[in-house]
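Peer 1:
Protein chains: 2
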Amino acid sequence: MRTFIVVGHKATTTPNFSLEDIPGTSGRLDILCRAVTASFVISHGIRKDVCVYLVLLGGETAKTILLRGESLRHLNPDERTTAALLKKALALTATAEWAMSTSGIFVRTGGFAELLADLKDTKLVYLREDGTDIRGLEASGLSGETAFILGDHTGMTPEEEALLEQAGAKVVSLGSTSLHADHCIVLLNWFLDTNVFMPV
Amino acid sequence: MRTFIVVGHKATTTPNFSLEDIPGTSGRLDILCRAVTASFVISHGIRKDVCVYLVLLGGETAKTILLRGESLRHLNPDERTTAALLKKALALTATAEWAMSTSGIFVRTGGFAELLADLKDTKLVYLREDGTDIRGLEASGLSGETAFILGDHTGMTPEEEALLEQAGAKVVSLGSTSLHADHCIVLLNWFLDTNVFMPV
Chain A
1 MRTFIVVGHK ATTTPNFSLE DIPGTSGRLD ILCRAVTASF VISHGIRKDV CVYLVLLGGE
61 TAKTILLRGE SLRHLNPDER TTAALLKKAL ALTATAEWAM STSGIFVRTG GFAELLADLK
121 DTKLVYLRED GTDIRGLEAS GLSGETAFIL GDHTGMTPEE EALLEQAGAK VVSLGSTSLH
181 ADHCIVLLNW FLDTNVFMPV
Chain B
1001 MRTFIVVGHK ATTTPNFSLE DIPGTSGRLD ILCRAVTASF VISHGIRKDV CVYLVLLGGE
1061 TAKTILLRGE SLRHLNPDER TTAALLKKAL ALTATAEWAM STSGIFVRTG GFAELLADLK
1121 DTKLVYLRED GTDIRGLEAS GLSGETAFIL GDHTGMTPEE EALLEQAGAK VVSLGSTSLH
1181 ADHCIVLLNW FLDTNVFMPV
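So the protein sequences, as listed, match chains A and B. Take 1 as the starting number for the first sequence in the numbering used here and just add one per residue. Take 1001 as the starting number for the second sequence in the numbering used here and just add one per residue.
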């Protein structure tokens, strides 16, 4: 299982945003929509072995949406239909327990600390421009069982970085060009597909 | 200069499509929008050294849209605003000469054969799943001066493949997993950024 975690610091936790202006009305949920597409969508199919957590911190109470490739339905490659799926998940009354919205999409209350606590037995890799070059990681034993953590356009906060350090996350860089989260995910999927740099 | 060419076999040549349903009303112009974003957008900026040709074959008369990073303005990372820029370009009366729509975006009539004729002095690389593995290309002298050709969800036609063969295009594969055009472009940009596989 490949896991991608994307933290949306301003991302709305309510369904009250407009599909006609996702970037302007949802706290940049568009970034998370593209991350979802990059994680799952291949030509004529969905990656079954992928799992995505979207951590939404732009509301009064943080929420996390989980998408599981093995049961995910109705995901199209365009941004708007992905946003519509997330809107539906955010319309559910969320509690601290996962509740299913549509097939393969789940939601609960809770933010980044809660998620890291859940993943305490998973190897964590935090993507940051000044981390260890990913091309040097051949012998490090990274694999598809790793959870990759990506920030949004605002990066990660010092508090989140402290949590990652405590959790033993490895800080890894994809190069000096600062890329959007979805583009990082495309690269990570390809590395895992082709076993370049990161033997499984 | 990095050049990406994406052929949209069903893509509309008129502005008469809905921004509320791009995939359903534009002949999958959404695929080309995402290819544009993947070509140009990095965190907090636009790649100046990139040039994109979108070949639109879903109308009575083929049209080609050219986007040049050095002068491109108003491009946001979301799909809808990219589609709005293309809509504007398609509203211009196109002739066989390039005409500017908004800054950095140009349009003309003409399809794939005309474009290949224009690029007759450029090295061409055609991306196809069964091509030569890109990881074996280290010594081949591919560089940022190459034009990379990608199909849409329908692939390329036998006629287009014949044109590519005539033009001496190298057929290259990114691996056995069949990826969307925009994801291929993310990978190609990264290879060129990091000088992996393809020395510049």
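Cβ coordinates follow ideal geometry from the N, Cα and C atoms, glycine included.
Helix, strand or coil for Arg-80 of chain A? Go by DSSP, reduced to three states.
Peer 2: Helix at Arg-80 of chain A.
Peer 1: Please identify, using Cβ separations under 9 Å, the residues of the stretch 73-96 of chain A that lie next to chain B, in order along the chain.
Peer 2: For the stretch 73-96 of chain A, which is checked against every Cβ of chain B, the residues closer than 9 Å are Asn-76, Pro-77, Asp-78, Glu-79, Arg-80, Thr-81.
Peer 1: Below 7 Å between beta carbons is the criterion; list the residues of the stretch 5-30 of chain A that meet it against any residue of chain B, in chain order.
Peer 2: The stretch 5-30 of chain A vs chain B, Cβ under 7 Å: Glu-20, Ile-22, Pro-23, Asp-30.
Peer 1: Taking only the alpha-carbon atoms, compute the straight-line gap between Glu-160 of chain A and Phe-112 of chain A and give it to the nearest angstrom.
Peer 2: If you take the alpha carbons of Glu-160 of chain A and Phe-112 of chain A, they lie about 8 Å apart.
Peer 1: Examine chain A for any beta-carbon lying closer than 7 Å to the beta-carbon of Met-1198 of chain B, and answer yes or no.
Peer 2: In this prediction, Met-1198 of chain B scores a pLDDT of 48, lower than 50, which makes its location untrustworthy; the coordinate-derived value is nonetheless stated afterwards. With 7 Å as the cut-off, Met-1198 of chain B does not count as an interface residue toward chain A.
Peer 1: Among the candidates A:Met-100, A:Glu-145, A:Gly-69, whose CA atom is the shortest distance from the CA of Thr-37 of chain A?
Peer 2: Thr-37 of chain A has its Cα closest to that of A:Gly-69, out of A:Met-100, A:Glu-145, A:Gly-69.
Peer 1: Of the residues A:Ile-149, A:Ala-181, A:His-44, which one's Cα is nearest the Cα of His-1044 of chain B?
Peer 2: Taking only the C-alpha atoms, the option nearest His-1044 of chain B is A:Ala-181.
Peer 1: Check whether chain B comes within 7 Å of Val-227 of chain A, counting only Cβ atoms and requiring the distance to be less than that.
Peer 2: Only positions 1 to 200 of chain A appear in the structure, and residue 227 of chain A is not among them; the question remains open.
Peer 1: Any idea what DSSP makes of Ala-94 of chain A, helix, strand or coil?
Peer 2: Three-state result, Ala-94 of chain A: coil.
Peer 1: Can you tell me which of the three DSSP states Ser-173 of chain A falls into?
Peer 2: DSSP places Ser-173 of chain A in strand when its eight states are reduced to three.
Peer 1: Near Leu-1119 of chain B, what residues of its chain come up, given a Cβ to Cβ distance below 7 Å and the 5 sequence neighbours on each side ignored?
Peer 2: Cβ within range, chain order: Ala-1147.
Peer 1: In whole angstroms, give me the CA-to-CA distance for Thr-64 of chain A and Thr-109 of chain A.
Peer 2: C-alpha separation (whole angstroms): 6 Å.
Peer 1: Measure from the alpha carbon of Tyr-1126 of chain B to the alpha carbon of each residue in B:Asp-1030, B:Lys-1048, B:Asp-1078, B:Gly-1155, then state which is nearest.
Peer 2: With distances taken between Cα atoms, Tyr-1126 of chain B lies closest to B:Gly-1155.
Peer 1: Apart from the five residues just before and just after Val-1171 of chain B, which ones in its own chain have a Cβ nearer than 7 Å to its Cβ?
Peer 2: So the qualifying residues of the chain are Tyr-1126, Arg-1128, Gly-1131, Thr-1132.
Peer 1: Would the stretch 1046-1064 of chain B count as touching the stretch 1004-1016 of chain B if we require 3 or more Cβ pairs under 8 Å?
Peer 2: Judged by Cβ distances under 8 Å, the stretch 1046-1064 of chain B makes contact with the stretch 1004-1016 of chain B, as three or more pairs qualify.
Peer 1: Under the rule that 16 or more other beta-carbon atoms within 10 Å means buried, what is His-241 of chain A, buried or exposed?
Peer 2: Limits of chain A in this structure are 1 at one end and 200 at the other, which puts residue 241 of chain A out of reach.
Peer 1: Starting from the Cα of Arg-1047 of chain B, find the closest Cα among B:Ile-1031, B:Pro-1077, B:Thr-1025 and give me that residue.
Peer 2: Of the listed residues, the one whose Cα sits closest to Arg-1047 of chain B is B:Pro-1077.
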